[in-house]
Every structure is written in C-alpha cells, then in structure tokens.
Amino acid sequence: MATAVARGAWGGRRVALRLPWRAGTSWIASAAASFSSSVPTTKLFIDGKFVESKTTEWIDIHNPATNEVVSRVPKATTSEMEAAVASCKKAFWNWSETSVLSRQQIFLRYQQLIKDNLKEISKLITFEQGKTLADAEGDVFRGLRKLLAPPVKKEALRTHRK
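Numbering (this note's numbering), first residue to last: 261 to 422.
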C-alpha cells in the first residue's frame with residue numbers, strides 16, 4: 261500500500277493518503293491474492309480505513325476487451341453511506357482548519373505518488389476501460405495538471421483577501 265503522510269495544522273494530527281497497491285507489486289495481483297473468491301472485490305473506504313461491505317448487492321466490473329468480470333464493487337448499505345457521510349463531515353472540518361502550506365504539501369506528495377505509479381495506474385485504466393495505454397497515460401497526465409494548481413491558487417487568494 262503506497263501512503264503519503266503529512267502533518268496538519270490541527271495539533272500535529274497526521275493525514276494519510278493511501279493508494280490501493282503495494283510498492284513493487286501489481287495492484288491486481290495484490291488484490292487477487294488477498295481475496296478467497298476468484299474475482300476480487302473492492303472494499304469501502306470509510307473513516308480512514310478500508311472495510312468490507314455488509315451488502316448483498318454487488319456491481320460487476322468487466323474488462324471491455326474480453327467481457328470478463330475482473331472485479332466487483334459493493335452497492336453500499338444505508339448505514340455504510342451514513343457512516344461515510346459522517347466521516348466526510350469530520351474530515352471537512354479538519355481540512356478547513358489546515359493551513360494552505362500544509363494542504364499544498366499534501367497535494368504535492370499525492371501528485372508524486374501518482375507520478376511514481378503512473379504505469380500501474382495507466383494499466384488499470386486500460387484494463388477497466390479498454391483505452392489504449394497511451395490514452396490512459398494521457399488521462400493520468402491531464403489529471404496531474406489539474407490536481408494542484410486550481411485548489412491551491414483559489415485558497416491562496418481566499419486567504420490573502422481576509
């Protein structure tokens with residue numbers, strides 16, 4: 261699991277950004293090895309932890325090239341959705357108390373994790389969406405371009421005007 265950790269402005273509390281793969285291994289291989297069924301399932305991310313869903317309804321993710329089911333994602337239950345919303349409200353308050361400099365450091369680390377894992381992310385996009393590898397890499401690069409600049413610039417302007 262790749263993780264970026266930064267200290268926030270709220271009493272030194274740590275914020276962790278996690279990407280769902282282990283360094284040096286294929287995310288698909290890691291996921292397949294960690295589940296007993298033949299098709300890997302996706303966990304929910306609630307309150308900073310990956311948790312198994314208690315749902316009975318799942319959505320199949322197909323490889324568009326072969327129509328093979330490559331993964332299943334849960335249709336979250338009402339209680340899981342409520343827990344996620346409560347967690348987001350708490351996270352929003354913490355994030356709003358974080359300084360612009362700390363936010364920028366978090367986004368820069370997040371951007372670096374994406375750059376470090378560009379090939380793996382592009383392979384996953386190709387696998388799940390059927391895009392060419394070059395097109396998938398272009399999607400990741402376009403996302404990186406948008407990742408840092410607008411939120412930090414907007415926040416810097418907002419803070420400067422106070």
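The beta carbon of each residue, even a glycine, is placed where N, CA and C say it ideally should be.
Source: prediction; values computed, not measured.
Sort the options by Cα distance to residue i and report the nearest one.
| i | options | result |
| --- | --- | --- |
| residue 373 | 356, 404 and 351 | 404 |
| residue 317 | 323, 338, 395 and 326 | 338 |
| residue 303 | 393, 329, 324 and 333 | 333 |
| residue 308 | 377, 378 and 354 | 354 |
| residue 329 | 400, 393 and 301 | 301 |
| residue 306 | 382, 336, 327 and 325 | 336 |
| residue 375 | 299, 298, 392 and 402 | 402 |
Under 8 Å Cβ to Cβ from residue i, same chain only, skipping five residues before and after it: list those, please.
| i | result |
| --- | --- |
| residue 272 | With a pLDDT of 41 at residue 272, under the threshold of 50, the modelled position of that residue is not reliable, and the figure given next carries that caveat. Counting only Cβ-Cβ distances below 8 Å, and skipping sequence neighbours, we find nothing. |
| residue 322 | 328, 329 and 330 |
| residue 325 | 390 |
| residue 393 | 382, 383 and 386 |
Could you spell out the range, first to last residue, of the beta strand (DSSP E) harbouring residue i?
| i | result |
| --- | --- |
| residue 307 | That residue, residue 307, is in no beta strand (DSSP E); it is neither H nor E in DSSP. |
Starting from residue i, follow the alpha helix (DSSP H) in both directions and report where the run begins and ends.
| i | result |
| --- | --- |
| residue 382 | 378–389 |
| residue 339 | 338–356 |
In the DSSP output, what is residue i paired with across the bridge?
| i | result |
| --- | --- |
| residue 301 | 332 |
| residue 395 | Paired residue(s): none; residue 395 is not in a bridge. |
| residue 374 | Answer is none; residue 374 lacks a bridge partner. |
| residue 319 | 333 |
Can you give me the Cβ contacts of residue i inside the same chain, cut-off strictly under 7 Å, excluding the 5 residues immediately before and after it?
| i | result |
| --- | --- |
| residue 345 | none |
| residue 350 | none |
| residue 397 | 378 and 382 |
| residue 320 | 329 and 332 |
### Query
Does the region 329–348 come close enough to the region 308–316 to have 3 or more Cβ pairs within less than 8 Å?
yes
### Query
Is the number of C-beta pairs between the region 344–359 and the region 386–401 that are closer than 8 Å three or more?
no
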